[in-house]
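Chemist: First the structure, which I've put down as structure tokens, then a few questions once you've had a look.
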């Protein structure tokens, strides 16, 4: 432990503590709690029963009050640790409560009723994970359907994004032609056109193409991302032209050059774009909300927001499904974080 | 022959398709030449751009000059600048409630204050975080990941996480209860809800900006700091005289980027507050969305007019950004 502490707290040149060192650690530890705390709280909460969720003050971990079925009583009874007048404690089941006095029975010998002051008893609580929060929404709310829609949109949009954008990037990086700079300018200019500016006319175009209430209406407007063309083109510019000239001399067609030579060499940039695209499309919210109005077409994000906006929010289901929605992104974060952070630092684009 | 690997096996059908495509494309290449192939490669992207980005952009102007509730342009009447004058019709320009479209001006006001407060706090916290991450830390990539983590979460998840924390039986009230304070319904109080929207969007996006600033910090040549250390310069002076001036171009880009994103704020706030209580967290994008689609009295023309006004602000901000980028590039060349 001492060794670990010395490693973590080591100071440059072994100098003493400066106020900036203290500030650094306050900021880092505070950041750790503020950034991860809410997500951890969400996961713990998602494992609680509705009764435990309604409790205040809440417990951190998912506890439930133990119950027992006692002979002679129809309903299961709550179990309590009761302090007896002689100072010992017994586990008793509460039959009913009258004023300040609880009538309790011993679950093993249910004949005799023991009267206990309610201040002398504390509920027996055991940790229990309400896993049906996770299983029931798939039956009740069609969440399997939403999950499938989200996966479909994410995968198809990402594949089309990679193909279409890499083709455009190839044309813009390896060919000299009239209008190349115009095409480049048009693509860069669209960076300034966010969805919030064009959503009304875009909706009318989607409708007239018959793509309203269709997952394709969600996918198609998103696939020609200027960011994608930009990332891929920058990378393809570094591929030497001699390679392409040599292939042409060997009678390779332009399509073969694109497919067999340029694409494999662009793999690292394609990987970055694929990761970005998966996260973007998985997280998309406003556009699917506009295009999809039939329940069976909702993506996870739309379904979640609609159910959480209802009057009687069933938080135990919402929380569990929020965790499910979070899982792919957390996996991407854990395994591919390095690609994303270098991608963002390199291009300044999200 | 070696046994085929899994990736070869998976790629086999794709390769077969590509080979089938190749034959007609060779014929195309013969007919059009290599230059024609460039057009072929560019075509799908340009087609999608044209239909889903450029066309809507053009149509938007036409839309903003038509009235009625129909969505198809052919069914809409031309009314000139009436939508714009409706947006700007106010008895007293200092009081949004005196305007005909009071919701629009409420949204403009809310967005303005949100942008001012959120961006300044964002830059401040992101700069501090980046400076700290740029120090000699044990496990730096871990700490970087800590602050970056919420950036990837979907806005809906962010909104729901915080809605759950801020509700009556939530974590925040639990914390206050530990200190003997009474629970409070945060999301029914106008001011607290507004503060929450700023806090939540800080939480969700600060790591992104910290990352870009960190990249800028790491691009500052190390020998400058070594020279300063040899001269015995005080750390505060090093910050004001070396770090900040050299970071300035990067920081300006981050400010403009944050402004552009902040003006369009919608997703997580919509899930968290729905614009409420009342209209206290109604922002521009939500106004456009509700005017165009959601409300019973929908008016796509009005929504288009409002979105063009918002687009104008964004174009101005982007031009500033491009200007800064140009200046930074020229500096680099010299």
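Residue numbers (the working numbering), protein chains in the order written: chain A, 2 to 351; chain B, 3 to 336. All C-beta atoms, glycine included, are put in the ideal place defined by N, C-alpha and C.
Run through chain A and tell me which residues come within less than 9 Å of residue 145 of chain B, C-beta to C-beta.
Modeler: Against the second chain, residue 145 of chain B aligns to sequence position 143. Residues of chain A passing the Cβ test: 29, 32, 33.
Chemist: Classify residue 97 of chain A as buried or exposed, calling it buried when 16 or more other Cβ atoms lie within 10 Å of its own Cβ.
Modeler: Within the first chain, the letter at position 96 stands for residue 97 of chain A. Flag for residue 97 of chain A reads exposed.
Chemist: Given the structure, does residue 267 of chain A come close to the ligand GDP, in the sense that its CB is under 7 Å from one of the ligand's heavy atoms?
Modeler: Looking for the ligand GDP in the displayed structure turns up nothing, as the structure carries no ligands at all.
Chemist: Tell me, please, whether the CB atom of residue 157 of chain B is closer than 8 Å to any CB atom in chain A?
Modeler: The sequence position of residue 157 of chain B within the second chain is 155, counting from 1. Taking Cβ atoms only, chain A reaches closer than 8 Å to residue 157 of chain B, which makes this a yes.
Chemist: With distance defined between alpha-carbon atoms, name the residue in B:274, B:236, B:44, B:216 nearest to residue 177 of chain A.
Modeler: Locating residue 177 of chain A in the first chain gives position 176, where the first residue counts as 1. Considering only alpha carbons, the answer is B:44.
Chemist: Report, in whole angstroms, the separation of the C-beta atoms of residue 121 of chain A and residue 94 of chain A, which I expect to be a contact under 8 Å.
Modeler: As a first step, residue 121 of chain A is located in the first chain; it is residue number 120 there, counting from the start. As a first step, residue 94 of chain A is located in the first chain; it is residue number 93 there, counting from the start. Incorrect: roughly 15 Å between the Cβ atoms, too far for contact.
Chemist: Going straight from the alpha carbon of residue 207 of chain A to that of residue 198 of chain A, what length do you get?
Modeler: As a working note, residue 207 of chain A is residue 206 in the first chain. As a working note, residue 198 of chain A is residue 197 in the first chain. Taking the straight line joining both Cα atoms gives about 16 Å.
Chemist: Under 8 Å, do residue 39 of chain A and residue 79 of chain A count as touching if we go by C-beta distance?
Modeler: Taking the first chain and counting its residues from 1, the one referred to as residue 39 of chain A is at position 38. Taking the first chain and counting its residues from 1, the one referred to as residue 79 of chain A is at position 78. Result no, Cβ atoms of residue 39 of chain A and residue 79 of chain A do not sit closer than 8 Å.
Chemist: Is the segment 289–298 of chain A touching the segment 218–231 of chain A, taking contact as three or more C-beta pairs under 8 Å?
Modeler: Yes, the segment 289–298 of chain A touches the segment 218–231 of chain A.
Chemist: What separation, rounded to the nearest whole angstrom, lies between the Cα atoms of residue 98 of chain B and residue 316 of chain B?
Modeler: The residue labelled residue 98 of chain B in the question sits at position 96 within the second chain. The residue labelled residue 316 of chain B in the question sits at position 314 within the second chain. Their Cα atoms are separated by approximately 22 Å.
Chemist: Which value, in whole angstroms, describes the spacing of the CA atoms of residue 146 of chain B and residue 135 of chain B?
Modeler: The residue labelled residue 146 of chain B in the question sits at position 144 within the second chain. The residue labelled residue 135 of chain B in the question sits at position 133 within the second chain. The straight-line gap from Cα to Cα measures roughly 7 Å.
Chemist: Under 8 Å between the Cβ atoms of residue 321 of chain A and residue 135 of chain A?
Modeler: Within the first chain, numbered from 1, the residue matching residue 321 of chain A stands at position 320. Within the first chain, numbered from 1, the residue matching residue 135 of chain A stands at position 134. Going by C-beta atoms, residue 321 of chain A is nearer than 8 Å to residue 135 of chain A.
Chemist: Compute the Euclidean distance between the alpha carbons of residue 56 of chain A and residue 172 of chain B, then round it to the nearest angstrom.
Modeler: In the first chain, residue 56 of chain A corresponds to position 55, counting from 1. In the second chain, residue 172 of chain B corresponds to position 170, counting from 1. C-alpha separation (whole angstroms): 10 Å.
Chemist: State whether the segment 218–237 of chain A contacts the segment 275–282 of chain A, with contact taken as three or more CB pairs (one from each stretch) at a distance under 8 Å.
Modeler: Enough Cβ pairs lie closer than 8 Å, so yes.
Chemist: Distance check for residue 148 of chain B and residue 132 of chain B, CA to CA, integer angstroms please.
Modeler: Indexing the second chain from 1 puts residue 132 of chain B at position 130. Indexing the second chain from 1 puts residue 148 of chain B at position 146. In a straight line, the C-alpha of residue 132 of chain B is about 12 Å away from that of residue 148 of chain B.
Chemist: Could one say the Cβ of residue 14 of chain A lies closer than 8 Å to chain B's Cβ atoms, at least one of them?
Modeler: Here residue 14 of chain A refers to the residue found at position 13 when the first chain is read from its first residue. The predicted position of residue 14 of chain A is uncertain, since its pLDDT is 49 and thus under 50; no value can be drawn from it.
Chemist: Using 8 Å as the limit for Cβ to Cβ distance, is residue 255 of chain A near chain B?
Modeler: As a position in the first chain, residue 255 of chain A is number 254, starting the count at 1. It does: the Cβ of residue 255 of chain A has a partner Cβ on chain B nearer than 8 Å.
Chemist: At a Cβ threshold of 8 Å, is residue 247 of chain A touching chain B?
Modeler: For the purposes of this step, residue 247 of chain A is identified with residue 246 of the first chain, where counting begins at 1. Answer no: the Cβ-Cβ gap between residue 247 of chain A and chain B never drops below 8 Å.
Chemist: Does DSSP classify residue 221 of chain B as helix, strand or coil?
Modeler: Position 219 of the second chain, counting from 1, holds the residue named residue 221 of chain B. Looking at residue 221 of chain B - three-state DSSP - the assignment turns out to be coil, as it is neither helix nor strand.
Chemist: Report, in whole angstroms, the separation of the C-beta atoms of residue 168 of chain A and residue 46 of chain B, which I expect to be a contact under 8 Å.
Modeler: The sequence position of residue 168 of chain A within the first chain is 167, counting from 1. The sequence position of residue 46 of chain B within the second chain is 44, counting from 1. The Cβ separation is near 6 Å, so the contact holds.
Chemist: If you follow the alpha helix (DSSP H) that residue 169 of chain A is part of, which residue opens it and which one closes it?
Modeler: For the purposes of this step, residue 169 of chain A is identified with residue 168 of the first chain, where counting begins at 1. Residue 169 of chain A -> alpha helix (DSSP H) spans 144–175.
Chemist: Please state whether the Cβ-Cβ distance between residue 270 of chain B and residue 160 of chain B is less than 8 Å.
Modeler: Working through the second chain from its first residue, we reach residue 270 of chain B at position 268. Working through the second chain from its first residue, we reach residue 160 of chain B at position 158. Their beta carbons are under 8 Å apart, which means residue 270 of chain B touches residue 160 of chain B by this criterion.
Chemist: Residue range of the beta strand (DSSP E) that residue 118 of chain A falls in?
Modeler: If you number the first chain from 1, residue 118 of chain A lands on position 117. 114–118 is the extent of the beta strand (DSSP E) around residue 118 of chain A.
Chemist: Once DSSP output is grouped into helix, strand and coil, what is the label at residue 326 of chain A?
Modeler: To locate residue 326 of chain A, count along the first chain from 1; it is residue 325. Reduced to three states, the DSSP call for residue 326 of chain A is helix.
Chemist: Comparing C-alpha positions only, which one of B:20, B:24, B:9, B:16 sits nearest to residue 252 of chain A?
Modeler: Here the question's residue 252 of chain A lines up with position 251 in the first chain. When only C-alpha atoms are compared, the closest one is B:24.
Chemist: On the DSSP bridge assignment, give the partners of residue 99 of chain A in chain order.
Modeler: Position 98 of the first chain, counted from the first residue, corresponds to residue 99 of chain A. The partner list for residue 99 of chain A (beta bridge, DSSP) reads A:102.
Chemist: Quick check: what's the CA-CA separation for residue 243 of chain B versus residue 231 of chain B?
Modeler: For the purposes of this step, residue 243 of chain B is taken as the residue at position 241 of the second chain. For the purposes of this step, residue 231 of chain B is taken as the residue at position 229 of the second chain. About 13 Å.
Chemist: Can you look up residue 68 of chain A in the DSSP assignment and give me helix, strand or coil?
Modeler: Counting from one through the first chain, the residue named residue 68 of chain A turns up at place 67. Reduced to three states, the DSSP call for residue 68 of chain A is strand.
Chemist: Ends of the beta strand (DSSP E) at residue 85 of chain A?
Modeler: The sequence position of residue 85 of chain A within the first chain is 84, counting from 1. Taken as a continuous stretch (DSSP letters only), residue 85 of chain A belongs to no beta strand (DSSP E), as it is neither H nor E.
Chemist: Can you tell which of A:313, A:261, A:63 has the C-alpha that lies nearest to the C-alpha of residue 16 of chain B?
Modeler: On the second chain, residue 16 of chain B is found 14 positions in, with the first residue counted as 1. Closest by alpha carbon: A:261.
Chemist: Per DSSP, which residues does residue 126 of chain A bridge with? Please list them.
Modeler: If you number the first chain from 1, residue 126 of chain A lands on position 125. In the DSSP output, where bridge partners are listed per residue, residue 126 of chain A has A:66.
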